[in-house]
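Heads up: the sequence shown begins at 25 in the working numbering, then just goes up one per residue.
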Amino acid sequence: MFGGKRFGREGEGGGGGFRRGPGGGGGGFRPRDRGPGQEQRFERREPPAEHGEHPMPAASRVVIPGEILSDTPKPVPYGFTDKGRTYSSVMGLFDAASNRLVPLEGCYMPNLDDTVVGVVTYVKFSGYTVDLKSPYTGFLSSKETREEYKLGDIIAARVKEVDEAKNVDLTEASKLERGEIVEIHSVKIPRVIGKSSSMIRMIQDAAKSEVIVGKNGRIWLRGGNTALAVEAILKIEKEAHTHGLTDRVSALLKQGAPGAAPAV
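The structure is reproduced here in structure tokens:
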């Protein structure tokens, strides 16, 4: 249900869109086959460095908004300068040696080419308004899709454009059905994905589930042992700032989720 960590199962019907199937190679994601005459969509795009994988700095400390990072002005992502000093604008992990600040909290800010999992909140002739779990909503033009959507439908889409006013245009949309949605903080998504998609591949291979990871903090799962996959994802969210996380998640996946029956 909306507003919680985990959504219930969606209605019957075929799934669609951006996914990584069980046992898929290459460490990436692959498109779902479309119907006759429709092209395959959702090829993987490597994210920009500032929005991609964020391995935890080797020597770091937790900082809060307004905490001083340096006595001199420095170009630190998620930081700001005032009167010759550099401060943090977020709660995160700061590594002074590399001037890297990895946020631990924060809302999703749409970026070009992001894959997002959204909910249709308004339907009109020209297109669809889509909730992105963000202060900003997305818009999917009717010209950008061959499918028709209803209020409450869950879709995967790519951010086509973000203008100066943060109007977000979506494209390459596909309806997601017969699955589950898990919501986590969007800043933890890079840890869920892992370096070269290693973490999400490990989870997906162990659970034998289809997975779509939205950069906006929504993750769609279908088939296999989704209970195990969800437990691993929530563990990553809770312990994203700690070292040795990959080993702990691996141990959890090998042990399995006690009492959890595989989803069908």
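For every residue, glycine included, the Cβ atom is placed at its ideal position computed from N, Cα and C. Bear in mind the structure is a predicted one, so any value in this text is a computation, not a measurement.
Taking all protein chains shown into account, decide if residue i is buried (16 or more other Cβ within 10 angstroms of its Cβ) or exposed.
i, result
"residue 275", "exposed"
"residue 85", "exposed"
"residue 73", "Confidence is the limiting factor: at residue 73 the pLDDT is only 39, short of 50, which leaves the residue's position unreliable and the question unanswerable from this model."
"residue 169", "buried"
"residue 204", "buried"
"residue 146", "exposed"
"residue 4", "As displayed, the chain neither begins before 25 nor continues past 288, which places residue 4 out of reach and without an answer."
"residue 95", "exposed"
"residue 175", "exposed"
"residue 88", "exposed"
Among the residues of its own chain, which have a CB less than 8 Å from the CB of residue i, if the five just before and after it don't count?
i, result
"residue 280", "249 and 252"
"residue 36", "Caution is warranted here: a pLDDT of 37 is assigned to residue 36, below 50, making its placement in the model unreliable, and no coordinate value can be reported."
Using the three-state DSSP reduction, which class does residue i fall into: helix, strand or coil?
i, result
"residue 202", "coil"
"residue 177", "coil"
"residue 255", "helix"
"residue 171", "coil"
"residue 133", "coil"
"residue 214", "helix"
Give every residue of the same chain whose Cβ lies closer than 6 Å to the Cβ of residue i, excluding the five residues on either side of it in the sequence, and list them in chain order.
i, result
"residue 190", "160"
"residue 76", "Its pLDDT being 44, under 50, residue 76 is placed unreliably in this model, and the coordinates cannot settle the point."
"residue 269", "263"
"residue 260", "215 and 216"
"residue 212", "261 and 264"
Cα-Cα, which of the options is closest to residue i?
i, options, result
"residue 200", "271, 272, 266 and 235", "235"
"residue 144", "97, 268 and 179", "179"
"residue 183", "219, 140, 170 and 175", "140"
"residue 272", "240, 227, 129 and 244", "227"
"residue 133", "277, 100, 186 and 108", "186"
"residue 148", "158, 101 and 165", "165"
"residue 257", "101, 223 and 267", "223"
"residue 195", "208, 207, 181 and 202", "181"
"residue 266", "96, 118, 240 and 156", "118"
"residue 167", "155, 176 and 193", "193"
"residue 135", "150, 116 and 158", "158"
"residue 116", "173, 91, 246 and 99", "91"
"residue 171", "89, 150, 198 and 162", "198"
"residue 230", "278, 125, 127 and 241", "278"
"residue 151", "188, 237, 245 and 173", "173"
"residue 142", "188, 207, 246 and 102", "207"
"residue 209", "102, 106, 93 and 128", "128"
"residue 131", "221, 244, 240 and 246", "240"
"residue 242", "156, 102 and 221", "156"
Identify, in the order they occur along the chain, each residue of the same chain with its Cβ nearer than 7 Å to the Cβ of residue i, setting aside the five sequence neighbours on each side.
i, result
"residue 104", "111 and 113"
"residue 153", "145, 146, 161 and 163"
"residue 123", "98 and 100"
"residue 177", "144 and 199"
Run through the DSSP bridge pairs and tell me what residue i is partnered with.
i, result
"residue 207", "242"
"residue 160", "DSSP output for residue 160 lists no bridge partner at all."
"residue 302", "Residue 302 is absent from the structure shown; the chain starts at 25 and stops at 288."
"residue 155", "143"
"residue 116", "87 and 127"
"residue 111", "92 and 104"
"residue 148", "151"
"residue 234", "246"
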